[in-house]
Amino acid sequence: MMKKDAVDGHLARLREDGFTVLRDAVAPDAVAALIDALDRIQRDHGLGPARTGFEGRNTVRINNLLTYDPAFWQVPLHADVLAVAEAVLDPELLLSSYCSLVVGPGQAAQPLHADTQLLPLPRPHMPITLNAIWALSDFTEETGATRIVPGSHRLDRAPDYGRDYDTVAATMPAGSIMLFDSALWHGAGSNNSDRRRYAFSCAYCWGWMRQQENLQLGIPREVAVTFPRRLQELCGYSVYKGQFGHIDNHDPIELLGRERGKRMVWEASDAKAAHAASAAAGDEAGNTALHN
Numbered sequence: 227m228m229k230k231d232a233v234d235g236h237l238a239r240l241r242e243d244g245f246t247v248l249r250d251a252v253a254p255d256a257v258a259a260l261i262d263a264l265d266r267i268q269r270d271h272g273l274g275p276a277r278t279g280f281e282g283r284n285t286v287r288i289n290n291l292l293t294y295d296p297a298f299w300q301v302p303l304h305a306d307v308l309a310v311a312e313a314v315l316d317p318e319l320l321l322s323s324y325c326s327l328v329v330g331p332g333q334a335a336q337p338l339h340a341d342t343q344l345l346p347l348p349r350p351h352m353p354i355t356l357n358a359i360w361a362l363s364d365f366t367e368e369t370g371a372t373r374i375v376p377g378s379h380r381l382d383r384a385p386d387y388g389r390d391y392d393t394v395a396a397t398m399p400a401g402s403i404m405l406f407d408s409a410l411w412h413g414a415g416s417n418n419s420d421r422r423r424y425a426f427s428c429a430y431c432w433g434w435m436r437q438q439e440n441l442q443l444g445i446p447r448e449v450a451v452t453f454p455r456r457l458q459e460l461c462g463y464s465v466y467k468g469q470f471g472h473i474d475n476h477d478p479i480e481l482l483g484r485e486r487g488k489r490m491v492w493e494a495s496d497a498k499a500a501h502a503a504s505a506a507a508g509d510e511a512g513n514t515a516l517h518n
């Protein structure tokens with residue numbers, strides 16, 4: 227688990243620049259296994275490039291990755307990423323979206339954008355989504371490293387669609403993970419190499435937000451029941467602050483055969499009131515004993 231001073235360093239860079247990089251975050255053998263899994267899933271399921279220019283017609287995006295192979299479960303559960311994400315948001319955060327970003331040779335650069343620019347919120351605002359870009363290949367200028375505008379998360383507007391801006395390439399070696407505020411201006415670079423650029427996008431949001439992917443409906447329950455409990459909670463089988471997301475006053479995780487994680491807020495209120503009454507009664511009994 228990442229130490230507090232390291233977490234604080236990443237938080238400071240996120241506040242100032244809008245992004246930070248965890249280097250050597252994924253072991254080489256794990257990187258190789260994830261690439262093999264992506265190639266196999268694409269081949270076995272006949273998956274091809276995206277159908278829109280924004281997504282990239284020479285880019286393979288596999289959504290709902292958790293349904294395909296347990297090899298992909300480790301990504302949203304990465305301990306160091308979660309340590310930073312929970313510090314930016316809170317421990318009851320949710321997985322908002324999770325997909326592959328395999329950029330093929332000849333793919334043009336993606337238009338610059340901010341991931342949450344469609345939400346009707348005045349900018350700048352507090353971080354509401356934190357994205358983790360996993361570099362499974364070396365991110366270089368040639369292979370299409372993500373282009374970013376450092377500090378743009380603090381601007382009062384989103385970029386104009388299709389307009390050119392001065393950007394820098396978020397270069398990093400394979401096995402690195404870039405975390406960035408969803409308000410940061412960014413876009414995939416152009417792949418001018420003869421190699422595929424492998425990556426994941428794994429985004430987290432507050433527990434009170436609607437997720438970008440509807441994971442509760444997209445992941446069959448017979449698959450979700452096999453997940454580790456923390457992954458189940460990240461997918462939405464949880465209740466935020468004991469209030470938001472309940473089903474008839476029950477924790478949704480009970481649908482997966484788990485014991486509930488916490489009491490509903492109103493139950494907790496009754497328990498708190500009962501505890502206060504008990505404490506008051508104990509104080510009164512003590513005072514009576516002192517006077518007798």
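Counting in the numbering used here, the sequence shown runs from 227 upward without gaps.
Glycine included, each C-beta is placed from N, C-alpha and C at the ideal position.
As the structure is a prediction and not an experimental result, all values here were calculated from the model.
Next on the checklist: Can you tell me whether Gln-438 is buried or exposed? The criterion is at least 16 other CB atoms within 10 Å of its CB, across all chains shown.
Outcome noted: Here the question's residue 438 lines up with position 212 in the sequence shown. Per the 10 Å Cβ criterion, buried.
Nearest residue (CA-CA) to Glu-242, options Ala-400, Asp-407, Cys-325, Ser-402:
Reading the sequence shown from its first residue, position 16 is the one you call residue 242. That would be Asp-407, whose Cα lies nearest to the Cα of Glu-242.
Requested in this report: Pull up the CB-CB distance for Val-329 and Asn-417, whole angstroms please, since I reckon it's below 8 Å.
Outcome: Numbered from its first residue, the sequence shown carries residue 329 at position 103. Numbered from its first residue, the sequence shown carries residue 417 at position 191. Their Cβ separation, rounded to whole angstroms, is 5 Å, which keeps Val-329 and Asn-417 in contact under 8 Å.
Legend entry - Whole beta strand (DSSP E) elements within the stretch 262-328, 3-residue minimum: Those beta strand (DSSP E) runs which fall completely within the stretch 262-328 and span 3+ residues are 320-326.
Need the endpoints of the alpha helix (DSSP H) that Asp-231 sits in, please.
Here the question's residue 231 lines up with position 5 in the sequence shown. Counting along the chain, the alpha helix (DSSP H) containing Asp-231 begins and ends at 230-243.
Identity of the residues DSSP links to Gly-413 by a beta bridge: Within the sequence shown, residue 413 is the residue found at index 187, counting from 1. Bridge partners of Gly-413 according to DSSP: Arg-373.
- Query: Are the Cβ atoms of Ala-340 and Ala-409 separated by less than 7 Å?
  - Reply: For this step, residue 340 is matched to residue 114 along the sequence shown. For this step, residue 409 is matched to residue 183 along the sequence shown. Yes; because the gap between Cβ atoms is below 7 Å, this pair is in contact.
Practice task
Have a look at the DSSP bridge pairing and note the partners of His-361.
Solution key: Counting from one through the sequence shown, the residue named residue 361 turns up at place 135. A small fix is needed here, since residue 361 is Ala in this sequence, not His. Beta-bridge pairing links Ala-361 to Ala-425.
_Among Gly-401, Pro-331, Cys-325, Leu-320, the one whose alpha carbon lies nearest that of Thr-293_ = Sequence index remark: in the sequence shown, residue 293 carries index 67 (1-based). Of the candidates Gly-401, Pro-331, Cys-325, Leu-320, the one whose C-alpha sits nearest the C-alpha of Thr-293 is Cys-325.
Rounding to the nearest angstrom, what Cα-Cα distance links Pro-454 and Gln-442 in this structure? As a working note, residue 454 is residue 228 in the sequence shown. As a working note, residue 442 is residue 216 in the sequence shown. Those two C-alpha atoms are separated by around 15 Å.
Review point. With 16 as the cutoff for other CB atoms within 10 Å, does Asn-582 come out buried or exposed?
Key: An answer regarding residue 582 cannot be provided, because it is not within the stretch 227 to 518 covered by the chain.
Assuming Ala-396 and Thr-372 form a contact by the criterion Cβ under 8 Å, report the distance between their Cβ atoms to the nearest whole angstrom.
By one-based count along the sequence shown, residue 396 stands at place 170. By one-based count along the sequence shown, residue 372 stands at place 146. For a cut-off of 8 Å, the C-beta gap from Ala-396 to Thr-372 is around 5 Å, short enough to register as a contact.
7 Å Cβ cutoff met for Cys-461 and Ser-322: The residue you call residue 461 lines up with position 235 of the sequence shown. The residue you call residue 322 lines up with position 96 of the sequence shown. Contact: no.
Where does Ile-479 fall in DSSP's three states?
To locate residue 479, count along the sequence shown from 1; it is residue 253. Residue state, collapsed to three classes: helix.
Hey, is Gly-274's beta-carbon within less than 7 Å of any beta-carbon in chain D? Among the protein chains of the structure shown there is no chain D, as only one such chain exists.
Please tell me whether Gly-471 and Asn-290 are closer than 7 Å, where the distance is taken between their beta carbons. In the sequence shown, counting from the first residue as 1, residue 471 sits at position 245. In the sequence shown, counting from the first residue as 1, residue 290 sits at position 64. No, the Cβ-Cβ distance between Gly-471 and Asn-290 is not below 7 Å.
>> On the DSSP bridge list, what partners appear for Asp-407?
In response: As a first step, residue 407 is located in the sequence shown; it is residue number 181 there, counting from the start. Answer is Leu-356.
Applying the 10 Å Cβ sphere with the 16-neighbour rule, what's the burial state of Asn-440? Within the sequence shown, residue 440 is the residue found at index 214, counting from 1. Here Asn-440 is exposed: its Cβ has fewer than 16 other Cβ atoms, across all protein chains shown, within 10 Å.
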